[in-house]
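Reading through the structure tokens given below for one structure.
Protein chains: 2
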Amino acid sequence: MFKVTYQRYLTMIEQFLAQLPWDKEILNQSMYYSLIGGGKRIRPVLALAAAEAVGGDPETILPAAVSLELIHTYSLIHDDLPAMDNDDYRRGRLSNHKVFGEANAILAGDALLTYAFELLASPGTSQPERQLRIIREVAIAAGKDGMVGGQVADVAGEGKTLNIDEIEEIHKGKTGALLTVSARLGGILAGGTEPQVTALSDYAQALGLAFQIKDDILDVVGNSEMLGKPAGSDLRQGKATYVSLLGLEGAEHQLHAQIQKAQSALKPLHEGAIFLNELAYFIEQRQH
Amino acid sequence: MFKVTYQRYLTMIEQFLAQLPWDKEILNQSMYYSLIGGGKRIRPVLALAAAEAVGGDPETILPAAVSLELIHTYSLIHDDLPAMDNDDYRRGRLSNHKVFGEANAILAGDALLTYAFELLASPGTSQPERQLRIIREVAIAAGKDGMVGGQVADVAGEGKTLNIDEIEEIHKGKTGALLTVSARLGGILAGGTEPQVTALSDYAQALGLAFQIKDDILDVVGNSEMLGKPAGSDLRQGKATYVSLLGLEGAEHQLHAQIQKAQSALKPLHEGAIFLNELAYFIEQRQH
Chain D
8 MFKVTYQRYL
18 TMIEQFLAQL
28 PWDKEILNQS
38 MYYSLIGGGK
48 RIRPVLALAA
58 AEAVGGDPET
68 ILPAAVSLEL
78 IHTYSLIHDD
88 LPAMDNDDYR
98 RGRLSNHKVF
108 GEANAILAGD
118 ALLTYAFELL
128 ASPGTSQPER
138 QLRIIREVAI
148 AAGKDGMVGG
158 QVADVAGEGK
168 TLNIDEIEEI
178 HKGKTGALLT
188 VSARLGGILA
198 GGTEPQVTAL
208 SDYAQALGLA
218 FQIKDDILDV
228 VGNSEMLGKP
238 AGSDLRQGKA
248 TYVSLLGLEG
258 AEHQLHAQIQ
268 KAQSALKPLH
278 EGAIFLNELA
288 YFIEQRQH
Chain R
8 MFKVTYQRYL
18 TMIEQFLAQL
28 PWDKEILNQS
38 MYYSLIGGGK
48 RIRPVLALAA
58 AEAVGGDPET
68 ILPAAVSLEL
78 IHTYSLIHDD
88 LPAMDNDDYR
98 RGRLSNHKVF
108 GEANAILAGD
118 ALLTYAFELL
128 ASPGTSQPER
138 QLRIIREVAI
148 AAGKDGMVGG
158 QVADVAGEGK
168 TLNIDEIEEI
178 HKGKTGALLT
188 VSARLGGILA
198 GGTEPQVTAL
208 SDYAQALGLA
218 FQIKDDILDV
228 VGNSEMLGKP
238 AGSDLRQGKA
248 TYVSLLGLEG
258 AEHQLHAQIQ
268 KAQSALKPLH
278 EGAIFLNELA
288 YFIEQRQH
């Protein structure tokens, strides 16, 4: 059942992405290249599932849900640039700037971020007041006090010895804020009550942390081919991770604690949240 | 009178920018450094003046007007990067990446663009439907089919012989689209009628073209110190400009024609548009 629902969401997302008006110009090709790089689509999936969890129709909020994937993709393109992480590969394919050049990669990222806000403002997604609220929330989560701020802190922290609180702070900004707003987006646009939206927030916050801990664990125990990047690369780069700070067993313990926290946050949503409950389990068990 | 009004708008804009919650972290400092680099603030001024031209209160739409300056500033930071135009100076000061490094410059641009949409969604700026409409229009003007698209075409056109239509096409995207939407923003958010908004559009489109022609003329006849960059740099880079294609006299003629077109577009706005009318004259006469 979980897999069927996940597949249904994925199909909605991929079809929506494919039907956007991409033309053959290099900018469109460059944006599309990175967008169809695959991945779990965890952010729009969270949004669609949150909409259903509060009794809404995920189809209605699809443009807004997909905007989250555009924002995530732009951040990956910019993070991979030589001036940042200087990664030649992403999910087993050449990174954007290796294919289209640095200038076009910067601009493709800029255009994806801008396009995301066009989609968030799509007419008829929800009541206009709710759409404006979500645009503000997404901008805050993706911006200087959220994702971009986390990336700046990450760049600044390179080569330094960070403790567990500092790492958690970076992750909260870099990945946590956008994941949390993804669940909120679905809940708010689909007309959820404030207690429901708070439940979705708490769930997504714990899930985001779990996601990051699992990433760190997979970097150590994972298989390079399944990960699409060399296993152990964080350790070799001397990056502090949950595993380097807590040990493998300590990290596994933390992971499980966050998954339980996520699942118990869902209680006010009753049966609407079965998929989200199983999604937490899926995050804990994933192999890539 | 024109100067008094311009100064009133500038004071509103500068005060708004200064009171935003900038902290001492490097990202905020980097964003603020480029934002307070000065300049004519032509985009927010256009928006505020357009709001007054349709009988609205410019103070109400100030966050949205300032968002246009954030978008313009982000585009300058990214354009100056080594992978793009590789400019070490901007308005007579070191460019952002020369002060804060390339990674932080990319991220400061990203954060400014994101912050712009947060400001555009500020509660109480106008009716929510109008705000959503403007968010869509700004995203389209700033994105792949507007400003970013124009920059991609500009990068792709380097070293090629472009004709006047191709140059006009690049400018329409690179600078024209955002200038046009600036005037529309003021008109729409302040509750202008559709004919008024169309008049503002036509005005700003001609003004944007005039602005670019004047830039090309100043590059040839201007004074490096007043321009804040070496005069003649376009010519030395072998860039096709209005002057290189039409000659100095031909470019002056084109400039005047566009200014007249802009001014005559204002007729439906009657006396509300006195400032905009004089702004066109100011653009024609400016020395930097």
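As you go down the protein sequences, you meet chains D and R in turn.
According to our numbering, the first sequence is numbered sequentially starting from 8.
According to our numbering, the second sequence is numbered sequentially starting from 8.
A virtual CB, placed ideally from N, CA and C, is assigned to each residue, including glycine.
Item: Any C-beta of chain R under 8 Å from that of Ile366 of chain D; Value: Outside the modelled stretch of chain D, which goes from 8 to 295, sits residue 366 of chain D, for which no answer is possible.
Item: Residue-chain proximity (Leu101 of chain D, chain R), Cβ-Cβ < 8 Å; Value: no
Item: Where Ala265 of chain D falls, given that 16 or more other Cβ within 10 Å makes a residue buried; Value: Checking the sequence, you will find Gln at residue 265 of chain D rather than Ala. Flag for Gln265 of chain D reads buried.
Item: The segment 110-117 of chain R in contact with the segment 169-178 of chain R per 3-pair CB rule at 8 Å; Value: no
Item: Segments assigned alpha helix (DSSP H), at least 4 residues, entirely inside the segment 160-236 of chain R; Value: 171-178, 184-196, 201-228 and 231-234
Item: Proximal residues to Leu101 of chain D (C-beta, below 8 Å), its chain only, five neighbours per side dropped; Value: Asp95
Item: Own chain residues within Cβ distance below 7 Å of Gly45 of chain D, not counting five before or after; Value: Arg98
Item: Secondary structure of Arg100 of chain R, DSSP reduced to three states; Value: strand
Item: Leu192 of chain D and Leu120 of chain D closer than 8 Å at C-beta; Value: no
Item: Residue interval of the alpha helix (DSSP H) (run including Gly257 of chain R); Value: Tyr249 to Ala272
Item: CB-CB length for Leu196 of chain D against Ile141 of chain D, believed under 8 Å; Value: 6 Å
Item: Closer than 8 Å to chain R by CB, Asp117 of chain D; Value: yes
Item: Closer than 8 Å to chain R by CB, Gln267 of chain D; Value: no
Item: 6 Å CB neighbourhood of Lys268 of chain D in its chain, flanking five on each side removed; Value: Ala213
Item: Beta-carbon gap between Ala54 of chain R and Ser208 of chain R smaller than 8 Å; Value: no
Item: Opening and closing residue of the alpha helix (DSSP H) in which Val145 of chain R lies; Value: Pro135 to Ala149
Item: Alpha helix (DSSP H) segment containing Gln292 of chain R, residue limits; Value: Ile281 to Gln292
Item: DSSP three-state assignment for Lys246 of chain R, whether helix, strand or coil; Value: coil
Item: Span of the alpha helix (DSSP H) around Lys10 of chain R; Value: Phe9 to Gln26
Item: CB contact check: Ala247 of chain R to chain D, cutoff 8 Å; Value: no
Item: Beta-carbon spacing of Thr80 of chain D, Ser129 of chain D below 8 Å; Value: no
Item: Option nearest Tyr13 of chain R by Cα separation, candidates R:Phe282, R:Gln294 and R:His295; Value: R:Phe282
Item: Nearest neighbour of Glu176 of chain R, chosen from R:Gly153, R:Arg50 and R:Gly166 [CA to CA]; Value: R:Gly153
Item: Opening and closing residue of the alpha helix (DSSP H) in which Thr67 of chain R lies; Value: It is not in any alpha helix (DSSP H) - Thr67 of chain R carries neither H nor E in the DSSP assignment.
Item: Inter-residue spacing [alpha-carbon to alpha-carbon] between Lys118 of chain R and Ala90 of chain D; Value: Here residue 118 of chain R is Ala; the residue named in the question, Lys, does not match the sequence. Cα to Cα, the separation comes out at about 17 Å.
Item: Within-8 Å CB hit, Leu24 of chain R to chain D; Value: no
Item: Simplified DSSP state of Ser129 of chain R, which is helix, strand or coil; Value: coil
Item: Glu32 of chain D: first and last residue of the uninterrupted alpha helix (DSSP H) it sits in; Value: Glu32 of chain D -> no alpha helix (DSSP H), and no H or E assigned at all.
Item: Candidates D:Asp223, D:Thr67 and D:Gln26: closest to Gly131 of chain D by CA position; Value: D:Thr67
Item: Contacts that Gly150 of chain R makes with chain D (C-beta to C-beta distance below 7 Å); Value: Ala118, Thr121, Tyr122 and Glu125
Item: Distance, Leu34 of chain R Cα to Leu276 of chain D Cα; Value: 38 Å
Item: Cross-chain neighbours of Pro70 of chain R in chain D, by beta carbon under 7 Å; Value: The contacting residues do not exist; Pro70 of chain R stays about 11 Å from chain D at best.
Item: Segment limits, alpha helix (DSSP H) that includes Leu55 of chain R; Value: Ile49 to Ala60
Item: DSSP state of Gly156 of chain D mapped onto helix, strand, coil; Value: helix
Item: CB-CB length for Thr182 of chain D against Gly156 of chain D, believed under 8 Å; Value: In fact, because the Cβ distance is near 12 Å, the residues do not count as touching under 8 Å.
Item: Residue-level contact to chain R via CB, Arg143 of chain D, 8 Å cutoff; Value: yes
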